[in-house]
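Numbering (the working numbering), first residue to last: 22 to 370.
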């Protein structure tokens, strides 16, 4: 005789087991949407952006992605290779500074999200002592012959300016400034490795000599030489930006900028920048979890300053950067977990 109740019990149990097994497998899959996917990531040639790259690399790895290598590239090769798909992404885009590269990458890659919005400033600075002794408020004040000799370390009669190495976006703008303002007879741009050039400038400052340099924020330079205390920001009497940034000429002033010479707001002659990820468009379409993470994650400017200071103090090895990134992620675990949760959900929409 067939026991119908027993059959019903067995059938019901099997159905329940099957129903409960499916969500378990789905949850496991949700936790690692990047499993089996390799990401070829780049980082900029300026070392102040390396830590941010490591933070994003570790978050992507928590999604299951294999971030197999992080290649250090200058701007032109990165924007070309990301558009071609040879590199998947970096998180070191500076806009509008990198606007001139958009034609190179816009057909195959795109800006996505913000590492840090606004707040990334650029400009020219000199030591505070010289600025106050000679009443220097504007970069154009340095074109006077008697002032140029103060900053002339190599005896060529020109003021030495720590500028940017070739291939950097700032080098393009500084070169434009030299032509637009007619600085070629007044200033000598030092385009060697930036960190080494700034180390030389710091040494001269510590020996009581005047210094003249370009910098950006966040950067260790303003930690070592705080504006308003050791150095001052100089203003521009007239803004002359490259063609790709000309429409931003009314966005170069900063309210209440500490250490700015002259009246506020401070006109640095450079628009404030957003630090943004740039990624290959096909990669974003094929990896919605990574795309969502890039759109939602961010790092406070103050935290980047803090890390850059540690790096400049000597904690700059690959192991140091890895540990600093891991520490930041754990210290911000609630925010990071929220971004990762959202990224996992994007993978199954």
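Glycine included, every Cβ here is placed at the ideal spot set by N, Cα and C. Since the model is a prediction, treat every value here as computed from it, not as a measurement.
Are the beta-carbon atoms of residue 237 and residue 333 separated by less than 8 Å?
The residue you call residue 237 lines up with position 216 of the chain shown. The residue you call residue 333 lines up with position 312 of the chain shown. Cβ atoms of residue 237 and residue 333: not closer than 8 Å.
Name the one or two DSSP bridge partners that residue 250 has.
Within the chain shown, numbered from 1, the residue matching residue 250 stands at position 229. DSSP output for residue 250 lists no bridge partner at all.
Is the distance from the Cβ of residue 275 to the Cβ of residue 286 below 8 Å?
Here the question's residue 275 lines up with position 254 in the chain shown. Here the question's residue 286 lines up with position 265 in the chain shown. Yes, the Cβ-Cβ distance between residue 275 and residue 286 is below 8 Å.
Inter-residue Cα distance where the pair is residue 339 and residue 116
Residue numbering aside, residue 339 sits at position 318 when the chain shown is read from its first letter. Residue numbering aside, residue 116 sits at position 95 when the chain shown is read from its first letter. When rounded, the distance between both Cα atoms is 27 Å.
Under a three-way DSSP split, which group does residue 312 fall into?
Within the chain shown, the letter at position 291 stands for residue 312. Residue state, collapsed to three classes: helix.
Report yes or no: do the segment 153-165 and the segment 276-283 share at least 3 C-beta pairs separated by less than 8 Å?
yes
Cutting at 7 Å between CB atoms, please list the residues of its own chain near residue 357, excluding the five before and the five after it.
Counted from its first residue, the chain shown places residue 357 at position 336. Closer than 7 Å at Cβ, skipping near neighbours: 80, 350.
Beta strand (DSSP E) containing residue 294: first to last residue?
Against the chain shown, residue 294 aligns to sequence position 273. It spans 294-301 - the beta strand (DSSP E) in which residue 294 sits, taken as one unbroken run.
Per-residue DSSP class, three states only, for residue 31:
Within the chain shown, the letter at position 10 stands for residue 31. Bear in mind that the predicted position of residue 31 carries a pLDDT of just 34, short of 50, making it too unreliable to give a figure here.
Should residue 313 be labelled buried (16 or more other beta-carbon atoms within 10 Å of its own) or exposed?
Taking the first residue of the chain shown as position 1, residue 313 is located at position 292. That one is buried.
DSSP on residue 94, reduced to helix/strand/coil?
Counting from one through the chain shown, the residue named residue 94 turns up at place 73. Note: residue 94 maps to strand in three-state DSSP.
Applying the 10 Å Cβ sphere with the 16-neighbour rule, what's the burial state of residue 250?
For the purposes of this step, residue 250 is taken as the residue at position 229 of the chain shown. Label assigned to residue 250: exposed.
Got a sec: does the ligand FAD put a non-hydrogen atom nearer than 7 Å to the Cβ of residue 221?
In terms of ligand content, the structure shown is empty, and the ligand FAD therefore cannot be addressed.
Am I right that residue 309 and residue 370 are in contact with their C-beta atoms under 8 Å? What's the rounded C-beta distance?
Position 288 of the chain shown, counted from the first residue, corresponds to residue 309. Position 349 of the chain shown, counted from the first residue, corresponds to residue 370. Rounded, the Cβ-Cβ distance is 7 Å, consistent with contact.
Contact check, residue 322 vs residue 239 under 8 Å by CB: the rounded distance?
If you number the chain shown from 1, residue 322 lands on position 301. If you number the chain shown from 1, residue 239 lands on position 218. That belief holds up - the Cβ atoms of residue 322 and residue 239 are roughly 5 Å apart, short of 8 Å.
Within the continuous beta strand (DSSP E) that includes residue 236, where are the two ends?
Here residue 236 refers to the residue found at position 215 when the chain shown is read from its first residue. Run containing residue 236: 233-237, per the beta strand (DSSP E) assignment.
Going by DSSP, which residues form a beta bridge with residue 274?
By one-based count along the chain shown, residue 274 stands at place 253. DSSP, once it has assigned bridges, lists 288 as partnering residue 274.
Taking C-beta to C-beta, are residue 145 and residue 186 nearer than 8 Å?
Position 124 of the chain shown, counted from the start, is the residue given in the question as residue 145. Position 165 of the chain shown, counted from the start, is the residue given in the question as residue 186. No. Outside cutoff.
Option in 364, 163, 345 with minimal Cα separation from residue 74:
Residue numbering aside, residue 74 sits at position 53 when the chain shown is read from its first letter. The shortest C-alpha to C-alpha distance from residue 74 to any of 364, 163, 345 is the one to 345.
Rounded to whole angstroms, what is the Cα-Cα separation between residue 124 and residue 227?
Position 103 of the chain shown, counted from the start, is the residue given in the question as residue 124. Position 206 of the chain shown, counted from the start, is the residue given in the question as residue 227. Rounded to the nearest angstrom, the two C-alpha atoms are 44 Å apart.
For residue 62, list the residues DSSP reports as bridge partners.
Along the chain shown, one-based indexing puts residue 62 at 41. In the DSSP output, where bridge partners are listed per residue, residue 62 has 91, 110.
Just to confirm before moving on: does the CB-CB distance between residue 205 and residue 177 stay below 8 Å?
The sequence position of residue 205 within the chain shown is 184, counting from 1. The sequence position of residue 177 within the chain shown is 156, counting from 1. No, Cβ-Cβ distance for residue 205 and residue 177 is not below 8 Å.
To the nearest angstrom, how far is it from the Cα of residue 336 to the Cα of residue 342?
One-based indexing of the chain shown puts residue 336 at position 315. One-based indexing of the chain shown puts residue 342 at position 321. Spanning the two alpha carbons is a distance of roughly 8 Å.
If you drop the 5 nearest sequence neighbours on each side, which residues of the same chain put their C-beta closer than 6 Å to that of residue 218?
Along the chain shown, one-based indexing puts residue 218 at 197. Here the set comprises 183, 211.
Return the CA-CA distance between residue 173 and residue 148, expressed in angstroms with no decimal places.
Walking along the chain shown from the start, residue 173 turns up at place 152. Walking along the chain shown from the start, residue 148 turns up at place 127. Each residue's alpha carbon lies about 14 Å from the other.
Determine the contact status of residue 64 and residue 89, defining contact as a CB-CB distance below 8 Å.
Within the chain shown, numbered from 1, the residue matching residue 64 stands at position 43. Within the chain shown, numbered from 1, the residue matching residue 89 stands at position 68. No, the pair does not count as a contact, with Cβ atoms beyond the cut-off.
Which parts of the segment 135-216 are runs of the beta strand (DSSP E), unbroken and 3 residues or longer, counting only runs that do not cross its ends?
137-141, 143-148, 180-183, 208-211
Sheet register partners of residue 256 (DSSP bridge)
On the chain shown, residue 256 is found 235 positions in, with the first residue counted as 1. Paired residues: 159.
Hey, would you say residue 330 sits closer than 8 Å to residue 244, going by beta carbons?
For the purposes of this step, residue 330 is taken as the residue at position 309 of the chain shown. For the purposes of this step, residue 244 is taken as the residue at position 223 of the chain shown. A contact, by the Cβ cut-off of 8 Å.
Does DSSP put residue 368 in a helix, a strand or coil?
Taking the chain shown and counting its residues from 1, one reaches residue 368 at position 347. Here residue 368 sits in coil by DSSP.
CB-CB under 6 Å to residue 164, same chain, minus the five flanking residues each way: which ones, in chain order?
Position 143 of the chain shown, counted from the start, is the residue given in the question as residue 164. Counting only Cβ-Cβ distances below 6 Å, and skipping sequence neighbours, we find 207.
Going by C-alpha to C-alpha distance, which of 114, 110, 118, 62 sits closest to residue 91?
Position 70 of the chain shown, counting from 1, holds the residue named residue 91. Of the candidates 114, 110, 118, 62, the one whose C-alpha sits nearest the C-alpha of residue 91 is 62.
Taking the beta strand (DSSP E) that residue 132 belongs to, which residues open and close that run?
Position 111 of the chain shown holds residue 132. Run containing residue 132: 130-132, per the beta strand (DSSP E) assignment.
Quick check: what's the CA-CA separation for residue 99 versus residue 108?
Counting from 1 along the chain shown, the entry for residue 99 is found at position 78. Counting from 1 along the chain shown, the entry for residue 108 is found at position 87. Their backbone Cα atoms lie some 8 Å apart in a straight line.
Does the distance from the CB of residue 188 to the CB of residue 66 come in under 8 Å?
Numbered from its first residue, the chain shown carries residue 188 at position 167. Numbered from its first residue, the chain shown carries residue 66 at position 45. Their beta carbons are under 8 Å apart, which means residue 188 touches residue 66 by this criterion.
Using only CA atoms, which one of 229, 235, 230 lies nearest to residue 194?
As a first step, residue 194 must be located in the chain shown, where it is residue number 173. Closest by alpha carbon: 235.
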